[in-house]
Each structure stands twice: as structure tokens, then as C-alpha cells.
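For the sequence shown, my numbering begins at 30 and goes up steadily by one.
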Amino acid sequence: MESYDILANQPVVIDNGSGVIKAGFAGDQIPKYCFPNYVGRPKHVRVMAGALEGDLFIGPKAEEHRGLLSVRYPMEHGIVNDWNDMERIWQYVYSKEQLQTFSEEHPVLLTEAPLNPSKNREKAAEVFFETFNVPALFISMQAVLSLYATGRTTGVVLDAGDGVTHVVPIYEGFAIPHSIMRVDVAGRDVSRYLRLLLRKEGYNFNTSAEFEVVRTIKERACYLSLNPQKDETLETEKAQYILPDGSSLNELVDPLVNTWELVDPLANTRELVDPLVNTQELVDPLVNTWELVDPLANTRELVDPLVNTLPSERVFKVARCHVDNSQPINMLTTMWSGV
Numbered sequence: 030m031e032s033y034d035i036l037a038n039q040p041v042v043i044d045n046g047s048g049v050i051k052a053g054f055a056g057d058q059i060p061k062y063c064f065p066n067y068v069g070r071p072k073h074v075r076v077m078a079g080a081l082e083g084d085l086f087i088g089p090k091a092e093e094h095r096g097l098l099s100v101r102y103p104m105e106h107g108i109v110n111d112w113n114d115m116e117r118i119w120q121y122v123y124s125k126e127q128l129q130t131f132s133e134e135h136p137v138l139l140t141e142a143p144l145n146p147s148k149n150r151e152k153a154a155e156v157f158f159e160t161f162n163v164p165a166l167f168i169s170m171q172a173v174l175s176l177y178a179t180g181r182t183t184g185v186v187l188d189a190g191d192g193v194t195h196v197v198p199i200y201e202g203f204a205i206p207h208s209i210m211r212v213d214v215a216g217r218d219v220s221r222y223l224r225l226l227l228r229k230e231g232y233n234f235n236t237s238a239e240f241e242v243v244r245t246i247k248e249r250a251c252y253l254s255l256n257p258q259k260d261e262t263l264e265t266e267k268a269q270y271i272l273p274d275g276s277s278l279n280e281l282v283d284p285l286v287n288t289w290e291l292v293d294p295l296a297n298t299r300e301l302v303d304p305l306v307n308t309q310e311l312v313d314p315l316v317n318t319w320e321l322v323d324p325l326a327n328t329r330e331l332v333d334p335l336v337n338t339l340p341s342e343r344v345f346k347v348a349r350c351h352v353d354n355s356q357p358i359n360m361l362t363t364m365w366s367g368v
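Structure follows, in C-alpha cells:
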């Protein structure tokens, strides 16, 4: 009877993104806590009173003091590479600073990217059952929950997060595995490419903490041009970004517009269109109306151009299909709304 009571408790939901962790309880409209999915360790040994205390920092404290820390992401391209750090982050989710609850008392819903290795899922289950002693665990595909958030159960989800970009066809709430397209190029790769462009302009961002500055620049100052050739000939207002030390990056627009030159799967929307069209053709016997959902989790600056560009490309190649674009209001927490 006691075990049944525990299973009846409100489940804990952990959206385990490569770049951002969203955590809270099932039934909430938005996650209670969102924080970067990285850990920070002091760069130098503490030698004086009043210095930063602690050996490991997670969440807002790691973000606040990242200039003094060596920052490390435990996940790369949706796959956990450092299970010790990942376990510490999950412990932090249950701590008094976050959910303030005991892991033994609540079932867990954990999300993961499509086509992840089964070993990754098995190890996550091992940690939750053996370390956290959770009563129940369900691992769900992020794309399915994102589609639920739009009020649909059938559609094609294009999801570009921090670590993975994937196209997932879903029919009546079930993903069709053999039709899923996945590209391990996403927001973090855009940040790395932007760092390279800035280096060519004479700005060096070498440390892990400085890489987070590049990510912030990307999110606040970058955009995806609908017509790069045309924009290069126009007089565009120069963007300016103030760095944490008070200095500024002037005339940012030139290196930023050229982020189209990244890796082909992201640089050319046709490379995204083809998987979408191929996916539709694979599931066409089952699905008569093709609904496209565009929840781009952490690469928010890419959303509007893709929404505007993709329909014309698709209508040309798949004229017989009805196309219904749906763009979530808050793309960072789209998955959460579908729980």
C-alpha cells in the first residue's frame, strides 16, 4: 500500500537538454527551474579568506561565477559523456536549492533526444534506480512532447536544440523510428563557429567561461538572413555588444551575417527541407495531412527565418500536401507544455 502511495505522488519531470536543464513537477504549466547544464570548478586553489568557497558549482551560482571557473558540459550532442557530473547535476535538481524533495518519493519523467544509443538510456535508468532510488522512471522522446504541446498527436517535428537537430515524424502519438532524421549539428556548433569568426576579427575567446560569452552574443546579436547575398549589398545598422568587462564589440553585423557558411545541414535550409520531404514521403501512406511543428529550443534566433523559408521550399516539392506551420510561443519550454 505504501509503494502505491509513492507511485501516486506527483511525478518529477526533468527535461535533460544538452545546454539547459528544465525541472519541475508534472502538471505545472512551466518548469520551476531552468539552469545551464554545466558544472564549474575553480581554476585556482583558494589561498585567501573571502575567496569563492567550494569545489563544484552548478546552476545559478556556476553561471554567476563562471569567470572564476572552468566550465564543463557533461552532455555533447544529446549524449552524456561524463556520468559523474551528470549525476551531480541531477542531485542538484532534488536539492533544497531546487525542487526541495526526496527522489525516493516521486516517479520521474526524463527526456532524451531521438536515436540516442540504448547504452545512454540504460545508464540513466541505472543511476536513477540505484543511486536515487526512484519508484518509477519513464524516458520520453523530446519531439513527441513538443508535438503534444501544440495540441496535436500527428505531425513532423523539427527540433534544433543546443546539441542535436532532428526531424521526427509522429503518427497518433508514436514516433516512426525508421523515418527519423538526425544531425549532430546545433546551437553549440553555431557558437563555436561564431567564436571562430570573432577570432578572425581580432577578438579571442579561449576559456570555457569566455565561450559562454560567445553563446550570449549569439543569442542576443545574431540572426539568420533570408537572403544573404542581398543583405551583403545593403547598408545595415551595425550591431554593438557590450562585453562583461565593459568593452564593446563594434560593427558585429558582417561576421554574424556570414554564419550561413556554417556546416551544410544548418547553413542551407534546403538540407533541412530534404529530410522533411523525405520524412513525409515515408509516412504518407499513414498521414494524409502534413503538419510541421518548429520548436527550436535553444537556437531561438533561427526560428523566424526557418518558419518563413521552409513553406515555400516544401510547397514546391510536395504540392499535394496541406502544410500547417505551428510555432510555439516559448520555444525553450515547449517540451514542458506537452507533458
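Here a beta-carbon is modelled for each residue, glycine too, at the ideal position from N, C-alpha and C.
For Gly184, the closest alpha carbon among the candidates Gly190, Val197, Asp191 and Val193 is that of Val197. His195 counts as buried, since at least 16 other C-beta atoms from the protein chains shown sit within 10 angstroms of its C-beta. Cα atoms of Ala172 and Ser220: separation of roughly 23 Å, rounded to the nearest angstrom. Around the beta-carbon of Phe131, fewer than 16 other beta-carbon atoms lie within 10 Å, marking it exposed.
Per DSSP, Arg95 is not a residue of any alpha helix (DSSP H), being assigned neither H nor E. For Arg211, the enclosing beta strand (DSSP E) covers residues Met210 to Val212. The three-state reading of DSSP puts Tyr252 in coil, since its state is none of H, G, I, E or B. Secondary structure remark: continuous beta strand (DSSP E) runs of at least 3 residues inside the segment 153–223, in chain order: 166–170, 184–189, 194–200 and 210–212. Two segments are said to touch when three or more pairs of C-beta atoms, one from each, lie closer than 8 Å; by this definition the segment 81–93 does not touch the segment 157–170.
Between Gly96 and Ile205, the alpha-carbon positions lie close to 44 Å from each other.
CA-to-CA, the gap between Met115 and Met210 works out to about 26 Å. Residue state for Val137 is assigned as strand, using DSSP reduced to three classes. Ser47 is not a Cβ neighbour of Glu92, given a cutoff of 8 Å. A Cβ-Cβ distance of about 6 Å is found for the pair Arg217 and Gly192, placing them in contact under the 8 Å criterion. By the criterion of a C-beta distance shorter than 8 Å, Tyr121 is surrounded in its chain by Ile87, Gly88 and Gln127, once the five residues flanking it on both sides are discounted.
Here Arg70 is bridged, per DSSP, to Ser99. Per DSSP, reduced to three states, the secondary structure at Lys247 is helical. Taking 8 Å as the cut-off, the beta carbon of Pro273 is found closer than this to the beta carbon of Val242. The shortest C-alpha to C-alpha distance from Val74 to any of Asn66, Ser99 and Phe64 is the one to Ser99.
Take the alpha-carbon of Pro40 and the one of Gly56: they are about 9 Å apart.
Between the alpha carbons of Val42 and Phe157 lies a gap of roughly 13 Å. Per DSSP, Asp84 lies in no alpha helix (DSSP H) segment and is marked neither H nor E. Note on geometry: alpha-carbon atoms of Ser277 and Tyr232 lie some 11 Å from one another. Contact annotation: Val186 and Ser169 have beta-carbon atoms that are not nearer than 8 Å. For Asn45, the enclosing beta strand (DSSP E) starts and ends at Val41 to Asn45. By alpha-carbon distance to Ala238, the top candidate from Arg101, Lys51 and Gly53 is Arg101. When only Cα atoms are considered, Asp44 and Ala250 end up about 27 Å apart.
When only Cα atoms are considered, Phe64 and Glu155 end up about 24 Å apart.
In terms of Cβ geometry, Asn66 and Glu134 do not form a close pair [threshold 8 Å]. For Ile50, the enclosing beta strand (DSSP E) begins and ends at Val49 to Phe54. Following the DSSP letters along the chain, one finds Tyr62 inside the beta strand (DSSP E) bounded by residues Tyr62 to Pro65. Less than 8 Å divides the Cβ of Ile246 from the Cβ of Tyr270. Distance check between Ala153 and each of Gly190, Gln129, Ile108 and Tyr123 places Ile108 closest, using alpha-carbon atoms only.
Where Glu116 is concerned, the enclosing alpha helix (DSSP H) starts and stops at Trp112 to Tyr123. With 16 or more other Cβ atoms inside 10 Å of its own Cβ, Thr140 counts as buried.
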